[in-house]
Amino acid sequence: MTAFGPWSTTLALAAGFGLAVAALLASTRDNAVANRLLAGLLAAFALKLMPYALGFAGYYDAYPWLSFAPFDLGLAFGPLLYLHVRTLVAGALPRGWGWHLLPAALQFGYRAVLFPQPLAFKNDWDARVHVPWIDTPETVLGLVSFAVYLALAWRAYRAYQHWLDAHLSNREEFRLTWLRNALVAFALAWPVHAAYEALSHALGFDYYQRFPLYVFFAALTVYLGLEGWRHADTVYPHPRAAPDADPLAPARAAEPPPPGRDWTAQGEAWLAQTEAAGWWRDPGLSLDRLARHLGTNTAYLSRALNEGLGVSFNTAINRLRVAEVCRRLAQPGDADDLLAIAFDAGFSAKTSFNRTFKALTGTTPSAYRATAAAPRAES
């Protein structure tokens with residue numbers, strides 16, 4: 004007899020949610036490739052929940068032919084996560100991306116071939132081959148695969164953050180906090196999963212003892228679905244690169260710099276020119292655009308800022324903007340709204356302005372204005 008109780012319903016709802024969001028993501032136009040990869044990851048997580056949702060509801064007891072249904076595709080999680088992150092931050096799939104999915108395709112094929120076989124054959128195969136020879140290596144390989152691809156995904160995310168610092172003045176708008184939190188959650192989930200698998204192998208955990216692990220998977224599925232859909236249409240800036248180059252790799256100069264060039268003096272000169280011309284007021288100012296203003300290339304400009312002044316492009320420009328905001332806030336007759344002052348100084352969003360201002364001054368804009376106004380009130 005089959006019946007959905009609290010345990011099976013909990014997992015079934017999470018699986019249904021994951022599949023529904025996956026269908027929505029697969030139909031989006033913005034970030035189409037990245038969203039389809041995320042849809043695949045959500046579908047894989049939802050399918051992983053299905054054996055336990057159905058098992059707690061009694062379906063495997065009532066319909067034993069469901070054994071070897073291709074639900075659990077653990078070798079797909081890591082590659083899909085990495086390819087999603089890589090495509091989201093670089094704007095294109097890496098070369099040879101299909102090879103990353105080959106192990107998952109073989110895993111699916113193995114179960115797809117066994118699933119329609121007679122029950123007696125599947126039971127015999129499970130006892131003689133799958134459990135003693137395949138099950139444990141497959142589990143270990145899945146854990147190792149996910150750890151490796153999670154590290155690659157984190158590296159791609161960090162490389163993108165460095166690229167934003169080096170190329171955009173409004174990088175705070177593309178911090179991808181939701182993605183960072185998801186990667187951290189996966190990193191925390193990995194040792195929990197590994198511990199459960201080790202204990203299950205040693206002690207023979209049953210469905211009920213493994214339920215907390217699958218509640219964890221359900222929570223990850225719901226979080227990833229919510230955040231992925233919420234940011235599905237966000238357009239992110241991407242590096243430009245030659246077809247065979249890594250778009251997140253550091254830029255190199257087209258020609259070697261003159262010997263003995265003083266990058267500190269050059270950086271100070273370019274920054275002074277930028278300040279005098281007011282180019283820093285442009286909300287969309289990028290390393291490329293500023294290099295064109297200055298009549299140089301991005302590699303030289305980046306080197307002058309990084310090596311010469313010890314700051315990123317983002318920090319250099321935002322210091323000029325914050326200095327202007329501080330000057331305006333300290334003026335006795337300037338009663339403009341904080342946000343109006345921020346926008347006039349080149350900031351394009353309230354959140355990024357507040358975060359940048361506090362990072363560079365150690366206080367909030369409102370607190371700074373109040374502090375600046377106090378001496379005037381006393382006098």
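Residues 4 to 382, numbered by the numbering used here, are exactly what the sequence shown covers, in order. Virtual Cβ for every residue (Gly too), placed ideally from N, Cα, C.
List the DSSP bridge partners of residue i.
i, result
"residue 171", "289"
Return yes when the Cβ of residue j is within less than 8 Å of the Cβ of residue i, no when it is not.
i, j, result
"residue 76", "residue 120", "no"
"residue 52", "residue 17", "yes"
"residue 91", "residue 43", "no"
"residue 167", "residue 357", "no"
"residue 172", "residue 321", "yes"
"residue 79", "residue 107", "yes"
"residue 312", "residue 267", "yes"
"residue 192", "residue 219", "yes"
"residue 368", "residue 328", "yes"
"residue 305", "residue 169", "yes"
"residue 156", "residue 225", "no"
"residue 49", "residue 22", "yes"
"residue 100", "residue 117", "no"
"residue 274", "residue 319", "yes"
"residue 93", "residue 242", "yes"
"residue 307", "residue 269", "yes"
"residue 396", "residue 19", "Outside the shown range of the chain (4 to 382) lies residue 396, about which nothing can therefore be said."
"residue 24", "residue 228", "yes"
"residue 105", "residue 67", "no"
"residue 271", "residue 323", "no"
Going by alpha carbons, who is nearest to residue i out of the options?
i, options, result
"residue 176", "353, 375, 362, 363", "353"
"residue 11", "62, 34, 202", "62"
"residue 240", "272, 284, 290", "290"
"residue 1", "325, 335, 33, 272", "What is shown of the chain runs 4 to 382, which leaves residue 1 out entirely."
"residue 6", "20, 21, 64, 26", "64"
"residue 14", "315, 364, 211", "211"
"residue 184", "230, 155, 169, 146", "230"
"residue 46", "60, 123, 29, 34", "29"
"residue 217", "27, 26, 54", "54"
"residue 348", "32, 330, 113", "330"
"residue 112", "130, 56, 74", "74"
"residue 200", "21, 146, 132, 24", "146"
"residue 188", "174, 264, 223", "223"
"residue 135", "181, 269, 204, 178", "204"
"residue 371", "202, 333, 293", "333"
"residue 350", "315, 283, 126, 133", "283"
"residue 143", "196, 232, 341, 315", "196"
"residue 31", "103, 130, 232", "232"
"residue 81", "103, 209, 292, 344", "103"
"residue 276", "293, 288, 265", "293"
"residue 4", "26, 33, 57", "57"
"residue 314", "165, 34, 26, 264", "165"
"residue 174", "359, 26, 364, 366", "359"
Check the Cβ-Cβ distances between residue i and every residue of chain B, and say whether any is below 8 Å.
i, result
"residue 183", "This model lacks chain B altogether; it includes just one protein chain."
>> Under 8 Å, with one C-beta from each stretch per pair, do the stretch 127-141 and the stretch 150-170 reach the 3-pair mark?
In response: no
> Do the stretch 146-158 and the stretch 281-299 meet, that is, are 3 or more Cβ pairs less than 8 Å apart?
Replying inline: no
> Between the stretch 228-237 and the stretch 20-38, are three or more C-beta pairs nearer than 8 Å?
Replying inline: yes
> If you scan the stretch 112-166 from start to end, which runs of the alpha helix (DSSP H) of 4 or more residues do you find wholly inside it?
Replying inline: 122-128
> Considering only residues of the stretch 275-329, which uninterrupted alpha helix (DSSP H) runs meet the minimum length of 4 residues and lie entirely inside it, listed in chain order?
Replying inline: 290-297, 301-306
>> As an exercise, report each continuous alpha helix (DSSP H) stretch of at least 4 residues that is fully enclosed by the stretch 61-94, in chain order.
In response: 62-65, 77-93
> Enumerated in chain order, which unbroken segments of the beta strand (DSSP E) with a length of 3 residues or greater are wholly contained in the stretch 345-374?
Replying inline: none
> Whole beta strand (DSSP E) runs in the stretch 16-57 with 3 or more residues, listed along the chain?
Replying inline: none
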